[in-house]
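Novice: One structure follows; several queries about it will come next.
2 protein chains.
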Amino acid sequence: MANFPSNGSNAVPPYRRVKDYLVGELERGRWTAGALMPSEAELVAQFEVSRMTVNRALRELHAEGIVDRVQGLGTFAAQLHRVSAGLTIRDLHDEIEARGHHHDAVVHLKRAEPLSAALAPKFGLSAGSEVFHTLIVHHENGVPLQVEDRIVNPAQAPDYLKVDFTRITPTQYLLSVAPLWQAQYAIEASAPSAREARLLGLARHDPCLIVTRRTESRSVPITYARLVHPGAHYVIEGQFKP
Amino acid sequence: MANFPSNGSNAVPPYRRVKDYLVGELERGRWTAGALMPSEAELVAQFEVSRMTVNRALRELHAEGIVDRVQGLGTFAAQLHRVSAGLTIRDLHDEIEARGHHHDAVVHLKRAEPLSAALAPKFGLSAGSEVFHTLIVHHENGVPLQVEDRIVNPAQAPDYLKVDFTRITPTQYLLSVAPLWQAQYAIEASAPSAREARLLGLARHDPCLIVTRRTESRSVPITYARLVHPGAHYVIEGQFKP
DNA sequence: AAAGTCTAGTTGTCTATACAACCCTAGTCA
DNA sequence: TGACTAGGGTTGTATAGACAACTAGACTTT
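Quick mapping for you: the protein sequence lines, in order, are chains A and B. Numbering that gives the first Met the number 0 puts the first residue of the first sequence at 0, with every later residue one more than the last. Numbering that gives the first Met the number 0 puts the first residue of the second sequence at 0, with every later residue one more than the last.
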């Protein structure tokens, strides 16, 4: 007894119908946050499908954060506070090109140096160990848009210093060398340092949007970056659905 | 033949073992991006589990963006460039309490007024239609942390003006009234307005982190908020995995 | 040479059944 | 009163089998 689409070709599979029904009712406010939703058995009866099908629908809704499930108790409409957003980390080069603008980069620093004590704990290597350090300013149509101050773990990218960063961005290169497996970031507003202000053509008190990001692969640090943007020209945008 | 944990209690279920194996090998670089990974049949043979179990493992990895699957072709290691981040939107009250600090709010404005032409396109209602407007300053241990300037659609929250916002935050209230189903946000660094600077106890040129957020339910606008934070005290943090 | 046909291999989905794990309540017993 | 037990309801997971849909390459036919 294995019947489903078969007919019109673009028919929606049963597990999808169950999901769509539940999301629809949730949107219509049938169950407010925390309310008990129908049990698997009830949905089985309502849709005349097997329990595994209903289970798949509910399991996926749970994975998407739309419902909460408690074994032995039931399924509940989720509290939607802690919703995850789609803040896509895109390569700056792609981002600028996507706007139809011209991107170029100026390399101000590119060398191996001992890791400073200030950055050692943030980066995850011991102070004094040799790391690669680049300082690059990215321009959009000639206007400085980002100062990229970056520390790289030589063990993860031994050829980092040989790359021509006017042609390929560090982000692009590092993604190709080491698979990105985890990252932490922080976003803050602050005044730029004296050097950053000079590189961006700003006054010392002009507000900047600063993103710091640490990337690691298999809990080994790959890179730590401080990205400084002039507040007047840069906005991080995103959207989320539950 | 339905056996699994049963023994030690904390045993990992088979579908998890398959997932962990694949993620582990992926981390070790066994398959580079785009490479063909083992088929379901091969994993069935290797782990001696049913195909549904392997299928679930692969389906979840696909949902998590770790592998790509093509019907009729196979499973491939995903390109990990376009990784999405988890930017958690938490209620400010919860956030402050979670730090073990005291939160209080001062309501500076709370009234119905016609929607200004400047905000009309951003909000999605026509200019001049009546909306609710609140201006609240949130403090952490007495220090001003956020100016919350908010427009609310009366159709979605008719009793909004009756709420005591020193006891419950607008975010909390709105989430309880209308389920949050979609939102767009923008993060930028900028100088505060004169009034915002006064409310936060800042100078006009002190950098602020400004989040603007528009929330809608079923494509009907619920609320538009401008959240201004002193750059010196506020950081948005997050992390992401592929 | 081009077009159509077949086939093996792959993923997509559903079913019926089974047992485990867990939660809560009601009842039992000391 | 308090501790224990039993049972009904719920979710969590696994299985074996089945058919559908799709892909790519091999093969046949025109």
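Just so you know, even glycine gets a beta-carbon here, dropped at the ideal spot from N, CA and C.
1) Any C-beta of chain A within less than 7 Å: which residues of the stretch 184-210 of chain B qualify?
2) What are the boundary residues of the alpha helix (DSSP H) that G99 (chain A) is part of?
3) From B:L173, B:P191, B:A44, pick the residue whose C-alpha is nearest to that of H228 (chain B); which is it?
4) Could you tell me if S175 (chain A) is buried or exposed, where buried requires 16 or more neighbouring beta carbons within 10 angstroms of its beta carbon?
5) Along the alpha helix (DSSP H) that carries A193 (chain A), what are the first and last residues, could you check?
6) Does the beta-carbon of S218 (chain B) have 16 or more other beta-carbons within 10 angstroms, so that it is buried, or is it exposed?
7) Between A:A104, A:S189, A:R68, A:P157, which lies nearest to H138 (chain A) when the distance is taken from Cα to Cα?
8) Going by CA-CA distance only, name the one from B:T214, B:D205, B:R225 that's closest to A231 (chain B).
9) Since R217 (chain A) meets chain B, which of its residues come closer than 9 Å, beta carbon to beta carbon?
10) For G73 (chain A), which residues in the same chain have their Cβ closer than 8 Å to its Cβ, ignoring the five residues on either side in sequence?
11) Compare the C-alpha of A40 (chain A) against each of A:R50, A:G33, A:A32 and name the closest.
12) So, for A111 (chain A): in the same chain, excluding its five sequence neighbours on each side, which residues have a beta-carbon less than 6 Å away from its beta-carbon?
13) Closer than 8 Å, Cβ to any Cβ of chain A: which residues of the stretch 97-127 of chain B, in chain order?
14) Give the interface partners of V234 (chain B) over in chain A, defined as CB-CB distance under 8 Å, in chain order.
15) Using three-state DSSP, classify D148 (chain A) as helix, strand or coil.
16) Compare the C-beta of G141 (chain A) against all C-beta atoms of chain B and say whether one is closer than 9 Å.
17) Would you call the stretch 10-17 of chain B and the stretch 51-58 of chain B touching, i.e. three or more CB-CB distances under 8 Å?
18) Who does G73 (chain A) pair with in a DSSP beta bridge?
19) Under the three-state reduction of DSSP, which class applies to T165 (chain A): helix, strand or coil?
20) Evaluate Q70 (chain B) with the Cβ neighbour count: other Cβ atoms within 10 Å of its Cβ, from every protein chain shown; 16 or more gives buried, anything less gives exposed.
21) For the ligand FMN, any of its heavy atoms closer than 8 Å to the Cβ of Q70 (chain B)?
22) Beta-carbon within less than 6 Å of V48 (chain A)'s beta-carbon, same chain only, minus the 5 sequence neighbours each way: which residues are those?
23) What is the rounded straight-line gap between the Cα of L21 (chain B) and the Cα of V43 (chain B)?
24) Given this structure, state the Cα-to-Cα distance separating N2 (chain A) from V17 (chain A), to the nearest angstrom.
25) Suppose contacts are defined by Cβ-Cβ distances below 9 Å. Is I135 (chain B) in contact with F164 (chain B) by that definition?
26) For the alpha helix (DSSP H) that A62 (chain A) lies in, which residues bound it at each end?
27) Along the chain, where does the alpha helix (DSSP H) that runs through Y20 (chain B) open and close?
28) DSSP state of L108 (chain A), grouped into three classes?
Specialist: So, from the listed chains and residues:
1) Y184, A185, I186, E187, A188, S189, A190, H204, P206, C207, L208
2) No alpha helix (DSSP H) contains G99 (chain A), which DSSP labels as neither H nor E.
3) B:P191
4) exposed
5) 193-199
6) Exposed.
7) A:A104
8) B:D205
9) Result: E26, R27.
10) L35, M36, S38
11) A:R50
12) E129, F131
13) none
14) A185, I186, E187
15) strand
16) no
17) Yes, since at least three Cβ pairs between the stretch 10-17 of chain B and the stretch 51-58 of chain B fall closer than 8 Å, the two stretches touch.
18) A:V69
19) coil
20) Around the Cβ of Q70 (chain B), a 10 Å sphere holds fewer than 16 other Cβ atoms; the residue is exposed.
21) Absence of the ligand FMN is noted for the structure shown, with no ligands found whatsoever.
22) P13
23) 13 Å
24) Only weak support exists for where N2 (chain A) lies, its pLDDT of 41 falling under 50; the value from the coordinates is given anyway. The straight-line gap from Cα to Cα measures roughly 16 Å.
25) yes
26) Start and end: 50-62.
27) 13-26
28) In the three-state reduction of the DSSP assignment, L108 (chain A) falls in the strand class.
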